[in-house]
Amino acid sequence: MLNHCVHLSDRDIELIAATGSPVVHDPTSNMLLGSGVALIPRLRAAGATIGLGCDGPACTNGQDMIENMKYAALLQKVVARQADVVVAEEVFRMATSGGAAAVGLGDRLGRLVPGFLADVVLVDATGPHMIPMHDPLAALVYSARAADVDTGLVGGRIVVRHGEVPTLDEERVVSDVARRARAVRRSA
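Every letter in the sequence shown is one number past the one before it in full-length UniProt numbering, and letter 105, counting from 1, is 105.
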């Protein structure tokens, strides 16, 4: 698996496609760090598998896949100066089946089909920012927010219910992380 791929030659793209090496696109990280823009349309045209990632929190200040889908689409549109260069359906595929394939799980994750892992996110689409909804997939990619996630299932098990994580004490975890971050800053 290759990550970022913001400085590729024509030969690099040929090799990626020829070897079947999947690429993970991290637009939020690339924009924040000013490192460059992945050549998604050229990689796609060459037949590369493209997944979508959030990189690490140190590079993005967050791990918001919904936000990342939007940025993946918008960044490519700006660079190409073409509104349909990367559309919502493609970005959604990069975040789901493309991401699963990129990490070697494309045979059991990333699609809602019998025999695949039941990883599902239910999004509340009733907020004003989601209306009017002409195209549900476009609304998810361009309008939804992480806070719109109502329920999340991993392997068929509920891990988020009505925006809350029932398996942990979120207030305690946030407090502990903040305390540890302060300790790391002091020691640095």
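Idealized CB from N, CA, C, for every residue including glycine.
Beta-ladder partner(s) of residue 152, from DSSP: 121, 160
Cβ-Cβ distance between residue 27 and residue 102 below 7 angstroms: no
Rounded C-alpha distance that separates residue 156 from residue 97: 17 angstroms
Cβ separation of residue 130 and residue 144, assumed to be a contact under 8 angstroms, to the nearest whole Å: 7 angstroms
Local conformation of residue 56 per DSSP, three classes: coil
The segment 77 to 87 contacting the segment 110 to 126, beta-carbon criterion three pairs below 8 angstroms: no
Boundaries (first-last residue) of the alpha helix (DSSP H) holding residue 23: Unbroken run through residue 23 is the beta strand (DSSP E), 23 to 25; no alpha helix (DSSP H).
Residue 48 classed as buried or exposed, judged by whether at least 16 other C-beta atoms fall within 10 angstroms: buried
Cβ pair count under 8 angstroms reaching 3, the segment 9 to 16 against the segment 38 to 56: yes
Assigned secondary structure, residue 105 (DSSP; H/G/I helix, E/B strand, else coil): coil
Cα-Cα separation, residue 71 to residue 36: 14 angstroms
Residue 3 (DSSP reduced to helix, strand or coil): strand
7 angstroms Cβ cutoff met for residue 118 and residue 153: yes
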